[in-house]
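The listed protein sequences derive, respectively, from chains A and B. Residues in the first sequence are numbered from 13 upward in steps of one, following our numbering. Residues in the second sequence are numbered from 13 upward in steps of one, following our numbering. Glycine included, each C-beta is placed from N, C-alpha and C at the ideal position.
Number of protein chains: 2
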Amino acid sequence: MSKFWASIPEVNDELEAINNIILETNTLGHKYLNDSLNYMFSSGGKMLRPAFVLIGSQFGDQATKSRLHNLAAAVEILHSATLIHDDIIDEAYLRRKQPTIQAKYSKEYAVYMGDFLFSQCFLMLAEYEVSTDVLKYMAKGINIVCRGEMLQNALRYDQDISTRNYLKIITGKTAALFAASLSVGAKEAGADEALVKSLAKIGGHVGMAFQLIDDLLDYESTAAEMGKDVQGDIVKGYYSLPMIKALKTVYGDDMKAILNKKSITSSEVTTLIDWSRQSGGVESTRRLAEKYTAKAMKGVHDLPEGRGKDLLLQIVPMLLERKY
Amino acid sequence: MSKFWASIPEVNDELEAINNIILETNTLGHKYLNDSLNYMFSSGGKMLRPAFVLIGSQFGDQATKSRLHNLAAAVEILHSATLIHDDIIDEAYLRRKQPTIQAKYSKEYAVYMGDFLFSQCFLMLAEYEVSTDVLKYMAKGINIVCRGEMLQNALRYDQDISTRNYLKIITGKTAALFAASLSVGAKEAGADEALVKSLAKIGGHVGMAFQLIDDLLDYESTAAEMGKDVQGDIVKGYYSLPMIKALKTVYGDDMKAILNKKSITSSEVTTLIDWSRQSGGVESTRRLAEKYTAKAMKGVHDLPEGRGKDLLLQIVPMLLERKY
Chain A
13 MSKFWASIPE VNDELEAINN IILETNTLGH KYLNDSLNYM FSSGGKMLRP
63 AFVLIGSQFG DQATKSRLHN LAAAVEILHS ATLIHDDIID EAYLRRKQPT
113 IQAKYSKEYA VYMGDFLFSQ CFLMLAEYEV STDVLKYMAK GINIVCRGEM
163 LQNALRYDQD ISTRNYLKII TGKTAALFAA SLSVGAKEAG ADEALVKSLA
213 KIGGHVGMAF QLIDDLLDYE STAAEMGKDV QGDIVKGYYS LPMIKALKTV
263 YGDDMKAILN KKSITSSEVT TLIDWSRQSG GVESTRRLAE KYTAKAMKGV
313 HDLPEGRGKD LLLQIVPMLL ERKY
Chain B
13 MSKFWASIPE VNDELEAINN IILETNTLGH KYLNDSLNYM FSSGGKMLRP
63 AFVLIGSQFG DQATKSRLHN LAAAVEILHS ATLIHDDIID EAYLRRKQPT
113 IQAKYSKEYA VYMGDFLFSQ CFLMLAEYEV STDVLKYMAK GINIVCRGEM
163 LQNALRYDQD ISTRNYLKII TGKTAALFAA SLSVGAKEAG ADEALVKSLA
213 KIGGHVGMAF QLIDDLLDYE STAAEMGKDV QGDIVKGYYS LPMIKALKTV
263 YGDDMKAILN KKSITSSEVT TLIDWSRQSG GVESTRRLAE KYTAKAMKGV
313 HDLPEGRGKD LLLQIVPMLL ERKY
């Protein structure tokens, strides 16, 4: 289990139980398939989404542990499916310091393995007879994730991408599943609808802030690392908010002149990053991240007192303040 | 709509209504995404699976048309998702005489579009509050489809692939969704469990026969066309039953000598096909297809009298006798 949870042993223990369910559930009759699934689920991510399901469940009192753990496992399996497909698109070779499924097996196999895990999530929800409400929250969450991915792909290389569309993309990429995780946990535990909706909002805001901070980091790393990730993204036509904002300033024309080149050098990427800072694109992104963080924390403070609120008060800052 | 249904206007009309639901449901806020979805669903397939949902519903009396049409649309959307992903793997350029999504847009986009349609199916089922039973049948069906795809991919280039594993693959590839379609239609209409199970079996047998006949066709086409499809499959390491059977005969060693070559010529493919015939591989596959056809027809004959049975008595032979 990731060290992230070391300070909260109760969550850590439950996440280990959930990881065991994931490993047991994804067992097939064929060695090659089994090995690949074991490989995927033994790499020890932070399991943020299942943790959010657990925390959400603290806001009701009707959850049974086994049903909750299955729901949390289904959420993580779904998340894994999206990671596997993302790694195909990004041609990523490493994730959590291990070769990705597409690199270790093949892109073809990765397409099908992602589909299979998608179907496993669906099957677990069906077999555990989740309520219609939980099913709807999950289905909507998944749907927004997929819309975001399609949109991101459709808007590659678009130098005039609007802030609004970028926020839609990251809503799908990160916020939707954070929101779904907190809210299905609460719904499963019988929390009332207003509280479930508040938790969905909090999860969404945490997700937005989390992703924007990730984007910022790329533009703020130390010189030695600077531009390493951004360079790949820029070359592949994925522009994140600091640059999107900068492209709309007086720096825009010069930046587009670089982006329109057939190939972009490392030093040109450094220039793009410098301009993103100088133009205020980075600062403007930081303000937006802070806005979402503030919204998330305001939402948490407004929650009813209890263990769930305490956990969010502890974890949300760990997630969002890590990098300021 | 495909001419396949010209002789059954009632089914034809309902399939048109279902196709309209599919087009309306898959509308997004972005032109590029919308265009791609419209493109996908305007190419006029036979819509066999939604037709099976409709026919299945004839075995109960509780289906409302709108719910049924939504269920049928969800099944077709799911099927489309699998086709889009299959075309990525197969690097297929044409489907229904039009460029595939992966060819017209990109492989990346096709991965996400398939995922999106997968999620759309799921969302429709959730929003129409399908019963837990229908959800389970659908989820299991999808799951078997994905297992079959993973297994097929894992067993590429395996010259010793067992008949049993090959049958597992085509159970996923074709039979599982045929079975799910007939049975969810019946379940939605309130048919009793024994009848739903019989219909699932019939759907499965029709699917197996359908796929085996497809495989046979490749080995029986006229000389001019012969080997065109098979050649692609063989080069990509997908061996179908006529050759799998032949590989287990005295022809096996000579066949493997060809398969082990770095590249295989057209005339070598012709040789492989000839040997698959001479060794009895084709004949043995034909007998198996006939066995599944007979099982399917026996099942149909045993069904209670009514419009559903009449439709199956008309359609199953159209599907399975088309090529003998």
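Scanning 144(A), 196(A), 287(A) for the CA closest to the CA of residue 232(A) turns up 287(A).
By the neighbour-count criterion, in which a residue is buried when 16 or more other Cβ atoms sit within 10 angstroms of its Cβ, residue 155(B) is buried. With contacts defined by Cβ atoms closer than 7 Å, residue 64(B) and residue 193(B) form a contacting pair. Rounded to the nearest whole angstrom, the C-alpha separation of residue 271(B) and residue 284(B) is 9 Å. As a beta-bridge residue in DSSP terms, residue 107(B) pairs with 110(B). Cβ neighbours of residue 276(B) within its own chain (closer than 7 Å, five residues either side excluded): 246, 247, 270.
In the assembly as shown, residue 70(A) is a buried residue. Its beta-carbon has 16 or more other beta-carbons within 10 Å.
Short of 8 Å from the beta carbon of residue 108(B), and not among the five residues preceding or following it, lie these beta carbons of its own chain, in chain order: 55, 56, 57.
Of 147(A), 48(A), 215(A), 319(A), the smallest CA-CA separation from residue 22(A) is found for 319(A). The CB of residue 39(A) never comes closer than 7 Å to any CB in chain B; the least such distance is about 12 Å.
Residue 134(B) belongs to the set of residues whose beta carbon lies under 7 Å from a beta carbon in chain A.
Using a 10 angstroms sphere on the CB of residue 230(B), the tally of other CB atoms reaches 16 or more, which defines it as buried. Short of 7 Å from the beta carbon of residue 325(A), and not among the five residues preceding or following it, lie these beta carbons of its own chain, in chain order: 312.
Two segments are said to touch when three or more pairs of C-beta atoms, one from each, lie closer than 8 Å; by this definition the segment 194–209 of chain A does not touch the segment 288–305 of chain A. Residue-level contact check: residue 151(A) touches chain B, since one or more beta carbons of chain B fall below 7 Å from its beta carbon. With a threshold of 7 Å between beta carbons, residue 44(B) makes contact with chain A.
In this structure, the straight-line span from the alpha carbon of residue 66(B) to that of residue 93(B) is close to 21 Å. DSSP places residue 272(B) outside both helix and strand once states are collapsed to three, so it counts as coil. In chain order, 49 place their CB closer than 6 Å to the CB of residue 38(B), counting only its own chain and leaving out the 5 sequence neighbours on each side.
Using a 10 angstroms sphere on the CB of residue 120(A), the tally of other CB atoms reaches 16 or more, which defines it as buried. Counting the other Cβ atoms within 10 Å of the Cβ of residue 330(A) gives fewer than 16, which makes it exposed. By the CB criterion at 7 Å, residue 157(A) and residue 196(A) fall outside the cutoff. The alpha carbon of residue 332(B) has as its nearest neighbour, out of 266(B), 224(B), 256(B), the alpha carbon of 224(B). Think of a sphere of 8 Å around the beta carbon of residue 138(B): the chain A residues whose beta carbon falls inside it are 144, 147, 148, 150, 151, 152, in chain order.
Interface with chain B (7 Å Cβ-Cβ cutoff): residue 100(A) is included. Only residues of its own chain outside the window of five on either side were considered, and among them 69, 197, 200, 201, 202 have a CB closer than 8 Å to the CB of residue 75(A), listed in chain order. Between the segment 122–131 of chain B and the segment 167–176 of chain A, the count of Cβ pairs shorter than 8 Å is below three; the stretches do not touch.
With its beta carbon less than 7 Å from one in chain A, residue 123(B) belongs to the interface. The three-state reading of DSSP puts residue 225(B) in helix, counting H, G and I together. Boundaries of the alpha helix (DSSP H) around residue 47(A): 43–53.
Residue 17(A) has its alpha-carbon roughly 42 Å from the corresponding atom of residue 46(B).
For residue 86(B), the three-state secondary structure derived from DSSP is helix.
Nearest in C-alpha terms to residue 297(A), of all of 262(A), 252(A), 151(A), is 252(A). Contact with chain B is found for residue 127(A), since one of that chain's Cβ atoms lies less than 7 Å from the residue's Cβ. Of the candidates 132(B), 98(B), 105(B), 114(B), 132(B) places its Cα closest to the Cα of residue 90(B). For residue 188(B), the closest C-alpha among the options 34(B), 221(B), 172(B), 174(B) is that of 221(B).
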